[in-house]
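Read top to bottom, the protein sequences are chains B and W. Just so we're aligned, residue 86 is where the first sequence starts under the numbering used here, counting upward by one. Just so we're aligned, residue 180 is where the second sequence starts under the numbering used here, counting upward by one.
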Amino acid sequence: MNKRPHPPAMAADDPQPLIQVEGLTKTYDAVTAVDQIDFSVATGELFGFLGPNGAGKTTTIALLTGLARPDSGSIRIGGIDCTKNPKAAQHLIGVVPDESNLYPELSGFDNLCFCASLYGLHAHERRTRARQLLQTFSLAEAAERKFAGYSKGMKRKLTIAAGIIHHPRLLFLDEPTTGIDVSSARQIRQLIADLHRSGTTIFLTTHYIEEAERLCQRIAFIVNGRIVKTDGVAELLQPEKEKKVMMIAVANSREDLCSRIASAFPHFHFQASSAEQIRVESDHPISIGPLVRFIEDQGAEVMEARRIQPSLEQVFVRVTGIELAAMKKEKEKGGNNR
Amino acid sequence: MKRWIAFWNIMLKDMRAYYLKPPNISWGLIFPLAWTGMFYIRSGADSVDILSLLPGVTAISILFGTTSLLAVTVTFEKKNRSFERLLMAPIPLELLMLAKTSGAILFGVVNAFVPIAAAAFLTDLSGVDWSTLLPAIVMIAIASTFLGLFIAVSVSEVFEAQTFSNFFRFPMIFLCGLFFPIASLPIFLRPFSYLFPLTYGVDILHGAVHGAAVQTLALNFAVITAFCLILFFFSLKNIHRKWIV
């Protein structure tokens, strides 16, 4: 789980990727939700789709799963052209939407059996598979309880179980850990990793960058309906690894402290991420002593100075220009409205 | 085979999950039962009256039962997004919607036998032409269900579906010849009667129960079949246009 699986052949080199999208565009009224996007996902890959609220992630899933029709572009899933006939590849895919959408009146067991029947599984196979999944997802004790009475975490787990009941080759996971407790989220991440290890190709959308970094092999950043960057996680992190980054927490600082330090240390790049936080970047090792002394000479107090490990968060901020805090705030606002 | 497994289970799930939902109990069972009771009490022991009322009461039971059920099975599921699960399943939309409506058609047929069973205790039904009555009940159930489907896919909230249904259902009670002949309506209202599928279904029922049909059996069946096809076609078109955008 903690160790990222070895990436499969990159989609671009794959002779027949499981998902192949070219020039996909979707407009709702005057808003272009998805704008000329191209990407491919290799068989067995765990592909992350990252972006802020309204970036076009859910619309892309809707287009790929047949819930929306593209204005232009093409979609191939498992070699099947789904652009005109989205039903053609639906037997290959499982979908876990951002909101649990099972049937509140049915029990957990009956929900799974019903979902299996939609893919033509016979009664005996349905029941066996449902029991097995309830066991795997630690829901066996709640099997006969109505779905309406499940907690959020349980609902999400059962929705994932319903998405894989028919052994799909490709699983779409739309924000699988949003709005659930830490323990359930951790369990779900483990389940996703296990599913991936068992050979399922996964298309994951999330706004938790650390989640994508931990789970995914390749990631596409989508902003305002356009993919701004697609690459393997290791490749995305490489430029950040070459940089040295420190975060200095200060108190009682002057307003112009950041510009004063920048003048004194011209070979470093400084950025005040808040009134009390100064980010220092350099391509060379950063010697902290002179920096701390200079700050204290300016009348400010250094509370903490720490080295920042390279993370996908930095890559995301650099590539998209979107501050993570703003993205999370926006997401929470969106979540409350739903 | 796989598709029929899906078809059968969608129908069974709707029957298990929704037959006893409040809108179905109030509009689908209590309302027709109240009408049945009201008319039977009014007609007393007069068997002629009961036979003339039976087609109307039967039709109203089917109409309210089926249309109420569709508001739940389709509009409610669309609202809570579980309908998306069906749209993403590898089943043709036509088959999916037939599965979604089959439970309601059965519900309508069962509802039809509530007033018929009550009438059997109060009067002699030996003169009823069952070979015409039964297909008529099925056709009315199909037409009413497809009318309910048309309404259900035109709105987005369950209460809207119920309100929109009543927009059709209540005029139909008075315009379709359920309790008094269309010929007795004011002349300017009569053309509207022929715009509703129930008019043709009720005419068949009148013919089967007490031999008082106005149009020929073939014409009635042909028109009600045409209504079914048109309503189903437009419902599918609406789903394509509004739900798979």
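Ideal Cβ positions, reconstructed from N, Cα and C, are used throughout, including at glycine.
First and last residue of the uninterrupted alpha helix (DSSP H) at residue i
i: Ala319(B); result: Val318 to Glu327
i: Val317(W); result: Trp309 to Ala331
i: Val334(W); result: No alpha helix (DSSP H) contains Val334(W), which DSSP labels as neither H nor E.
i: Phe400(W); result: Leu396 to Lys421
i: Cys355(W); result: No alpha helix (DSSP H) holds Cys355(W); DSSP gives it neither H nor E.
i: Ser261(W); result: Ser261 to Leu266
i: Ile146(B); result: Lys142 to Thr150
i: Glu398(B); result: Leu397 to Thr405
Identified DSSP bridge partners for residue i
i: Ala305(B); result: Phe134(B) and Thr315(B)
i: Ser359(B); result: Gln362(B)
i: Ala336(B); result: Glu386(B)
i: Glu107(B); result: Ser159(B)
i: Asp259(B); result: Thr290(B)
i: Arg392(B); result: Met331(B)
i: His354(B); result: Glu366(B)
Pick from the options that is closest to residue i, judged by C-alpha positions
i: Leu109(B); options: Gly158(B), Leu131(B), Glu361(B) and Gly163(B); result: Gly158(B)
i: Ala250(W); options: Arg420(W), Tyr198(W), Ala298(W) and Leu265(W); result: Tyr198(W)
i: Leu265(W); options: Glu340(B), Gln275(B), Thr262(B) and Phe199(B); result: Phe199(B)
i: Trp309(W); options: Ile295(W), Ile403(W) and Phe218(W); result: Ile295(W)
i: Lys169(B); options: Lys242(B), Pro155(B), Ser372(B) and Ser269(B); result: Pro155(B)
i: Ile460(W); options: Ser372(W), Asn399(W) and Leu374(W); result: This structure cannot settle anything about residue 460(W), because the visible part of chain W is limited to 180 through 424.
i: Asp259(B); options: Gly193(B), Thr144(B) and Tyr188(B); result: Thr144(B)
i: Trp183(W); options: Glu273(W), Thr254(W), Val293(W) and Thr246(W); result: Glu273(W)
i: Lys237(B); options: Ser223(B), Thr291(B) and Asp266(B); result: Asp266(B)
i: Glu226(B); options: Leu206(B), Ser192(B), His207(B) and Ala201(B); result: Ser192(B)
i: Ile277(B); options: Thr244(B), Gly406(B) and Asn309(B); result: Thr244(B)
i: Thr215(W); options: Lys200(W), Asn203(W) and Ser231(W); result: Ser231(W)
i: Glu340(B); options: Glu320(B), Arg392(B), Ile363(B) and Val318(B); result: Ile363(B)
i: Glu263(W); options: Glu398(B), Cys301(B) and Val181(B); result: Val181(B)
i: Thr290(B); options: Ser283(B), Gly384(B) and Val308(B); result: Val308(B)
Coil, strand or helix - residue i by DSSP
i: Gly386(W); result: helix
i: Ser344(B); result: helix
i: Gly238(B); result: helix
i: Met190(W); result: helix
i: Ser367(B); result: strand
i: Gly244(W); result: helix
i: Thr117(B); result: strand
i: Thr168(B); result: coil
i: Pro102(B); result: coil
i: Arg195(W); result: helix
i: Met331(B); result: strand
i: Lys200(W); result: coil
i: Thr128(B); result: coil
i: Asp228(W); result: helix
i: Asp123(B); result: strand
i: Ser192(B); result: strand
i: His251(B); result: coil
i: His281(B); result: helix
i: His209(B); result: helix
Assigned exposure category for residue i - 16 Cβ within 10 Å defines buried
i: Tyr235(B); result: buried
i: Phe359(W); result: exposed
i: Tyr379(W); result: buried
i: His209(B); result: exposed
i: Leu219(B); result: buried
i: Ala94(B); result: Note that Ala94(B) scores a pLDDT of 42, beneath 50, so its modelled location is shaky and nothing firm can be said.
i: Gln175(B); result: buried
i: Lys257(W); result: buried
i: Met388(B); result: exposed
i: Leu374(W); result: exposed
i: Tyr113(B); result: exposed
i: Asp195(B); result: buried
i: Asn188(W); result: buried
i: Gly235(W); result: buried
i: His292(B); result: buried
i: His251(B); result: buried
i: Val388(W); result: buried
Residue i: CB within 8 Å of a non-hydrogen atom of the ligand FAD
i: Phe132(B); result: By its list of ligands, the structure shown contains no ligand whatsoever, and the ligand FAD lies outside what it can speak to.
Start and end residues, beta strand (DSSP E) containing residue i
i: Thr291(B); result: Thr286 to Thr291
i: Ser281(W); result: Segment Leu272 to Leu301 is the alpha helix (DSSP H) holding Ser281(W); no beta strand (DSSP E) there.
i: Leu368(W); result: From DSSP, Leu368(W) is part of no beta strand (DSSP E); its letter is neither H nor E.
i: Val180(B); result: Ile178 to Val181
i: Val251(W); result: Segment: none, Val251(W) is in no beta strand (DSSP E) and carries neither H nor E.
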